[in-house]
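Chains as they are written, first to last, in this note's numbering: chain A, 2 to 311; chain B, 173 to 587.
Virtual Cβ for every residue (Gly too), placed ideally from N, Cα, C.
Notes to accompany the following structure.
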Amino acid sequence: MDGVTKAGRGASSRPARLPGLRRALAPLPWLAPSLLLVGAVVLWPVVEMVRTSLLDISSSGTTLGGAGTSNYTDLFDEPDLWPVLGRTLLWVAGVVVAATVLSLALGQLLHARFPGRRAVRWAVIVPWAASVLMTALIWRWMLDNDSGVINRVLLDLGVLDKPVNWLAHPAQALLWMMGVAVFVTLPFTSFVILAGLQSIPDDVYEAARVDGASAWTTYFRITLPLLRPSLLIGTIVNVINVFNNFPIIWSMTQGGPGHATDITTTFTYKIAFFDKHVGESAAMAVVNFLLILLMVLLYLRAVRRPGARA
Amino acid sequence: MKKQFIGVVAAGLSVALAAAGCGKGSASGDDSDGKTIRFVAAIYDDNTKGYWDALIKDFQAKNPGYKVALEMVDWAQMDRKVQTYVQTKQTPDVLNYNAFSDFARDGLIYKASEVVSPQVLGDFTPTFVAQAQYQGQQYGLPFISSARLLFYNKDLFAKAGLGGPPATWDDVKKDAQKIKAAGATGYGLPLGPEEAQAEFYSWAMNNGGGWVDASGKWAIDQPANVATLTYLRDLTKSGVTQPNPETTDRAKVFNQFAQGRIGMAIGGPFTKAGFIDPVNKNLNFGVAPLPSRDGKEHNTLGVMDVLAAFKKNGGKNREAVRRFLDFFYTAQNTSKFLKLEGFLPVTKSAGEALSSDPYMKQFVDALPTSKFAPTSNPAWSAVAGAVKQDLGSAVSGGDPKQVLSGIQRTAEKAG
Chain A
2 MDGVTKAGRG
12 ASSRPARLPG
22 LRRALAPLPW
32 LAPSLLLVGA
42 VVLWPVVEMV
52 RTSLLDISSS
62 GTTLGGAGTS
72 NYTDLFDEPD
82 LWPVLGRTLL
92 WVAGVVVAAT
102 VLSLALGQLL
112 HARFPGRRAV
122 RWAVIVPWAA
132 SVLMTALIWR
142 WMLDNDSGVI
152 NRVLLDLGVL
162 DKPVNWLAHP
172 AQALLWMMGV
182 AVFVTLPFTS
192 FVILAGLQSI
202 PDDVYEAARV
212 DGASAWTTYF
222 RITLPLLRPS
232 LLIGTIVNVI
242 NVFNNFPIIW
252 SMTQGGPGHA
262 TDITTTFTYK
272 IAFFDKHVGE
282 SAAMAVVNFL
292 LILLMVLLYL
302 RAVRRPGARA
Chain B
173 MKKQFIGVVA
183 AGLSVALAAA
193 GCGKGSASGD
203 DSDGKTIRFV
213 AAIYDDNTKG
223 YWDALIKDFQ
233 AKNPGYKVAL
243 EMVDWAQMDR
253 KVQTYVQTKQ
263 TPDVLNYNAF
273 SDFARDGLIY
283 KASEVVSPQV
293 LGDFTPTFVA
303 QAQYQGQQYG
313 LPFISSARLL
323 FYNKDLFAKA
333 GLGGPPATWD
343 DVKKDAQKIK
353 AAGATGYGLP
363 LGPEEAQAEF
373 YSWAMNNGGG
383 WVDASGKWAI
393 DQPANVATLT
403 YLRDLTKSGV
413 TQPNPETTDR
423 AKVFNQFAQG
433 RIGMAIGGPF
443 TKAGFIDPVN
453 KNLNFGVAPL
463 PSRDGKEHNT
473 LGVMDVLAAF
483 KKNGGKNREA
493 VRRFLDFFYT
503 AQNTSKFLKL
513 EGFLPVTKSA
523 GEALSSDPYM
533 KQFVDALPTS
543 KFAPTSNPAW
553 SAVAGAVKQD
563 LGSAVSGGDP
573 KQVLSGIQRT
583 AEKAG
């Protein structure tokens, strides 16, 4: 930061420093298009979000003026806020861990040579290619207590003696929705891991074989450490995606009954469009944004050991 | 690294400024002469768009130079869209919606007398004019109305050995238990986030409860309401309703009602054409007054949608809006809409046209005893939002008194 201000001051008072500034600005023409894009689609919305969170907006949507920090105090007075935050962490941790563990196995399977591998690889992509909303709606109807196929099957198998309204009970509903989230997260994660597996050179495994390493040792001492970069990327992208996931919960339970299955994104929506409190909703969005930043930073710090290349 | 960051921020800010500038320019510059207006209409069913297309074509032919741009919005999207329009200063000239008072409070809409002729103003039924006022002035233009009555399946009643529909709450429970013993759901209770406020009020008003007290202050946790919710909870817990009312919407209830699997449910004039006929045209059902706790006085839930005319471009759009609204409010055009969509009239002139249909007549007759949600209170939409989210939990895990107190707090905070 100092460099720029100094250079700026130099430009006006001491023309001799001008080439320095010019050198600093030289890459700008090449960077400008991407900088403009980043500015328009990333920074501007963030600025607007923060600005909205400091405004007093009436229930009709009219801006009445500044609100100071009252939107934030309203938000932290919500009795539902802390349960929602806790649930969000549970949701993110559960979905990302389950998806990563399953994807490690799936990636290994897709990496192995077997007849029909191409078909299996295509099949794994399907949940990714299908719209998340569609997937979630189909699951919702499959889980319906009155006409859902899951109840039908379980009744016919004698597992249940009467239909269960899966999505009406918060704990069950959350588990089912986490299952759906894992399902739609698998393709991306397993393909990132597959790419990682393909980048591990064969001679490392050969050396391990010569040294007499067992299959487990090979996996935990060689494969997993060398997958670090892929796992890192996959996890960060998944954390952000799952954290911000809206359609699955919205289309399956709307965060209900009450707020019992809300995560921060559905809660944000409800504050804006049910409670008609846009300012407080923006404050919630800011908190959400900061939480994601914090989680990603913590994660990066946790995995970046000295000397590891990531 | 640091220099790049400054560059990014600088670029971002300049884009933000440029974009903000453009946004303002285009929002107000959509129409310069005030002769083209934008009309946002709600989709009531598949026929709605065809009706407006034809009406607008007719209007434009009779008013050369004037144009109406129609935008159809689904009810499920309506709240979000309207709020966004206002927030981004892209309000339509005329909006078909179920609330108006917060627009009036914020000075966004015309008074009714500014946008319709005195004849039209005088034609509105007084009941509805009272609902369309904010601080003693009429802002909303009553558009359609609707009433709620108890639908019951006559075949299921016969099978359960019951005569007529129940009049008291005790009868409702007893009848529901007999219907359940006969193998169907006794009462279909939709308390999900879709329309919990309408279902609850239909019961509460027949127990002397309601949203506000005599002085107009929020009284959501009043004893009569707690007793009502406790009764509904008791119905649920004794197993005579469908499972999990807190997650059920009306479509699900009436779908099962049409299949002959639910004995009783509360519906409106649109229920036959919208829900029952598509599933089973031959369903043998009857319509009765809403049951009340003591069976003496039966109130009906009245519902009214409105048209609201937004001020734009310093009032330049007023003439076009007035022409369009006066055109719509001719007896011929309004009664055509009501018949097509199955709603009740809000004007005297359209009133007679509908009383000829015996099914519709029951609802028209119920209108004089109808009670409305406090839509003239600008805080109502936030209160209704809180009710939709939270009320249902009182019949599952929650406690009726606590749930209602929570909503009462929200209401007091909203104003």
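#1: Please report how far the alpha carbon of Asn427/B lies from the alpha carbon of Tyr223/B, in whole angstroms.
#2: Does the CB of Gln561/B have a neighbour CB from chain A at under 8 Å?
#3: Output, in chain order, the set of chain A residues within a Cβ distance shorter than 8 Å of Thr419/B.
#4: Under 8 Å between the Cβ atoms of Thr267/A and Ile250/A?
#5: Excluding the 5 residues preceding and the 5 following Trp247/B in the sequence, name in chain order all residues of the same chain whose CB lies nearer than 7 Å to its CB.
#6: Thinking just about the alpha-carbon of each residue, which of Leu103/A, Tyr73/A and Pro188/A is nearest to the one in Pro128/A?
#7: I need the DSSP call for Leu322/B, collapsed to helix, strand or coil.
#8: State the CB to CB distance for the pair Val245/B and Val493/B, rounded to an integer number of angstroms; the pair is presumed to be in contact (CB under 8 Å).
#9: I'd like the list of long-range same chain contacts for Val51/A, defined as Cβ closer than 7 Å, with 5 residues on each side in sequence excluded.
#10: Exposed or buried, which one is Ala94/A when buried takes at least 16 other CB atoms within 10 Å?
#11: May I ask you to list the residues that DSSP assigns as paired with Gly67/A?
#12: Could you compute how far the alpha carbon of Asn378/B sits from the alpha carbon of Thr63/A?
#13: Pick from Tyr324/B, Ala332/B and Asn397/B: whose alpha carbon is nearest that of Leu563/B?
#14: Hey, is Phe1/A's beta-carbon within less than 8 Å of any beta-carbon in chain B?
#15: Terminal residues of the continuous alpha helix (DSSP H) containing Asn239/A?
#16: Of all the CB atoms in chain B, is at least one closer than 8 Å to the CB of Ser60/A?
#17: So the candidates are Gly557/B, Phe315/B and Gln309/B; which of them puts its Cα closest to the Cα of Thr297/B?
#18: Identify the contact partners of Phe275/B in chain A, using a Cβ-Cβ distance below 7 Å as the criterion.
#19: If we cut at 8 Å on Cβ distances, does Asn146/A have a partner in chain B?
#20: Short check: CB of Leu111/A to CB of Val98/A, under 8 Å?
#21: Against chain B, does Val98/A count as a neighbour if the rule is that its beta carbon must be under 8 Å from one of theirs?
#22: Since Ile434/B and Gly360/B should fall inside the 8 Å C-beta cutoff, what is the C-beta to C-beta distance between them, to a whole number of angstroms?
#23: For the candidate residues Leu134/A, Pro230/A and Val154/A, whose alpha-carbon lies nearest to that of Phe184/A?
#24: Which residues mark the beginning and the end of the alpha helix (DSSP H) in which Ala98/A is found?
#25: Apart from the five residues just before and just after Lys543/B, which ones in its own chain have a Cβ nearer than 8 Å to its Cβ?
#26: Mind checking whether Trp390/B and Gln580/B have CB atoms under 8 Å apart?
#27: Just to confirm before moving on: does the CB-CB distance between Ala480/B and Ile281/B stay below 8 Å?
#28: Run through the DSSP bridge pairs and tell me what Ser464/B is partnered with.
#29: What in chain B is Cβ-close to Val279/A, meaning under 8 Å?
#30: What are the residues that DSSP puts in a beta bridge with Lys239/B?
#31: To the nearest angstrom, how far is it from the Cα of Tyr206/A to the Cα of Val39/A?
#32: Using the beta-carbon of each residue, which ones in chain A are nearer than 8 Å to Ala558/B?
#33: If we cut at 8 Å on Cβ distances, does Ala545/B have a partner in chain A?
#34: Please classify Thr269/A as buried or exposed, where buried requires at least 16 neighbouring CB atoms within 10 angstroms.
#35: Take Val187/B and list the residues in its own chain whose beta-carbon comes closer than 7 Å to its own, dropping the five residues that flank it on each side.
#36: Please report the distance separating the alpha-carbon of Gly67/A from that of Lys253/B.
According to the structure data:
#1: Along the second sequence, one-based indexing puts residue 427/B at 255. Along the second sequence, one-based indexing puts residue 223/B at 51. Cα-Cα distance, rounded: 26 Å.
#2: For the purposes of this step, residue 561/B is identified with residue 389 of the second sequence, where counting begins at 1. Gln561/B counts as touching chain A.
#3: By 1-based counting over the second sequence, the position of residue 419/B is 247. Correct list: Asn166, Leu168, Ala169, Thr254, Gly257 and Pro258.
#4: The residue labelled residue 267/A in the question sits at position 266 within the first sequence. The residue labelled residue 250/A in the question sits at position 249 within the first sequence. Yes; because the gap between Cβ atoms is below 8 Å, this pair is in contact.
#5: The residue labelled residue 247/B in the question sits at position 75 within the second sequence. Excluding sequence neighbours, Trp247/B sits near Ala214 and Ile215.
#6: Within the first sequence, numbered from 1, the residue matching residue 128/A stands at position 127. Nearest C-alpha to Pro128/A: Pro188/A.
#7: Within the second sequence, the letter at position 150 stands for residue 322/B. Note: Leu322/B maps to strand in three-state DSSP.
#8: For the purposes of this step, residue 245/B is identified with residue 73 of the second sequence, where counting begins at 1. For the purposes of this step, residue 493/B is identified with residue 321 of the second sequence, where counting begins at 1. The Cβ separation is near 19 Å, so there is no contact.
#9: Taking the first residue of the first sequence as 1, we reach residue 51/A at position 50. Closer than 7 Å at Cβ, skipping near neighbours: Val287.
#10: Locating residue 94/A in the first sequence gives position 93, counting from the first residue. Exposed is the call here.
#11: Position 66 of the first sequence, counted from the first residue, corresponds to residue 67/A. Note: Gly67/A sits in a beta bridge opposite Leu56/A.
#12: Here residue 378/B refers to the residue found at position 206 of the second sequence. Here residue 63/A refers to the residue found at position 62 of the first sequence. Approximately 37 Å, taken between the alpha carbons.
#13: Taking the first residue of the second sequence as 1, we reach residue 563/B at position 391. Among Tyr324/B, Ala332/B and Asn397/B, the Cα nearest to that of Leu563/B is on Asn397/B.
#14: Residue 1/A lies beyond the residue range present for chain A, which begins at 2 and ends at 311; the question has no answer from this structure.
#15: Counted from its first residue, the first sequence places residue 239/A at position 238. For Asn239/A, the enclosing alpha helix (DSSP H) covers residues Arg229 to Phe244.
#16: If you number the first sequence from 1, residue 60/A lands on position 59. So, interface residue.
#17: Start at 1 with the first residue of the second sequence, and residue 297/B comes out as number 125. Here the closest residue by C-alpha is Phe315/B.
#18: As a position in the second sequence, residue 275/B is number 103, starting the count at 1. Chain A residues near Phe275/B: Ser61.
#19: Taking the first residue of the first sequence as position 1, residue 146/A is located at position 145. Chain B, which has a Cβ nearer than 8 Å to the Cβ of Asn146/A, makes this yes.
#20: Within the first sequence, numbered from 1, the residue matching residue 111/A stands at position 110. Within the first sequence, numbered from 1, the residue matching residue 98/A stands at position 97. Judged by beta-carbon spacing, Val98/A lies beyond the 8 Å limit of Leu111/A, meaning their Cβ atoms are not closer than that value.
#21: For this step, residue 98/A is matched to residue 97 along the first sequence. By this cut-off, Val98/A is not an interface position.
#22: The residue labelled residue 434/B in the question sits at position 262 within the second sequence. The residue labelled residue 360/B in the question sits at position 188 within the second sequence. Going by Cβ atoms, the distance from Ile434/B to Gly360/B rounds to 4 Å, so yes, they are a contact pair.
#23: Looking up residue 184/A in the first sequence gives position 183. Nearest of Leu134/A, Pro230/A and Val154/A to Phe184/A, Cα basis: Leu134/A.
#24: Counting from one through the first sequence, the residue named residue 98/A turns up at place 97. Checking the sequence, you will find Val at residue 98/A rather than Ala. Unbroken alpha helix (DSSP H) run through Val98/A: Leu82 to His112.
#25: Here residue 543/B refers to the residue found at position 371 of the second sequence. Excluding residues up to 5 positions away in sequence, Tyr373, Met377, Gly382, Asn471, Thr472, Leu473 and Gly474 lie with their Cβ nearer than 8 Å to the Cβ of Lys543/B in the same chain.
#26: Locating residue 390/B in the second sequence gives position 218, counting from the first residue. Locating residue 580/B in the second sequence gives position 408, counting from the first residue. Yes, these two residues count as a Cβ contact at 8 Å.
#27: Your numbering for residue 480/B matches position 308 in the second sequence. Your numbering for residue 281/B matches position 109 in the second sequence. The answer is yes: Cβ separation under 8 Å.
#28: Looking up residue 464/B in the second sequence gives position 292. Answer by DSSP bridge pairing, in chain order: Thr340/B.
#29: By one-based count along the first sequence, residue 279/A stands at place 278. Within chain B, the residues near Val279/A are Gln255 and Gln259.
#30: Counting from one through the second sequence, the residue named residue 239/B turns up at place 67. Lys239/B is bridged to Thr208/B.
#31: Position 205 of the first sequence, counted from the start, is the residue given in the question as residue 206/A. Position 38 of the first sequence, counted from the start, is the residue given in the question as residue 39/A. It is roughly 42 Å from the alpha-carbon of Tyr206/A to the alpha-carbon of Val39/A.
#32: Counting from one through the second sequence, the residue named residue 558/B turns up at place 386. Phe275 and Asp276, listed in chain order.
#33: The residue labelled residue 545/B in the question sits at position 373 within the second sequence. So, not an interface residue.
#34: The sequence position of residue 269/A within the first sequence is 268, counting from 1. Per the 10 Å Cβ criterion, buried.
#35: As a first step, residue 187/B is located in the second sequence; it is residue number 15 there, counting from the start. Residue confidence is low: Val187/B scores 42 on pLDDT, short of 50, so the model does not pin down where it sits. Its coordinate-derived value is still stated next. So the list is empty, once near-sequence residues are dropped.
#36: Sequence index remark: in the first sequence, residue 67/A carries index 66 (1-based). Sequence index remark: in the second sequence, residue 253/B carries index 81 (1-based). Straight across, the Cα-Cα distance linking Gly67/A with Lys253/B is about 24 Å.
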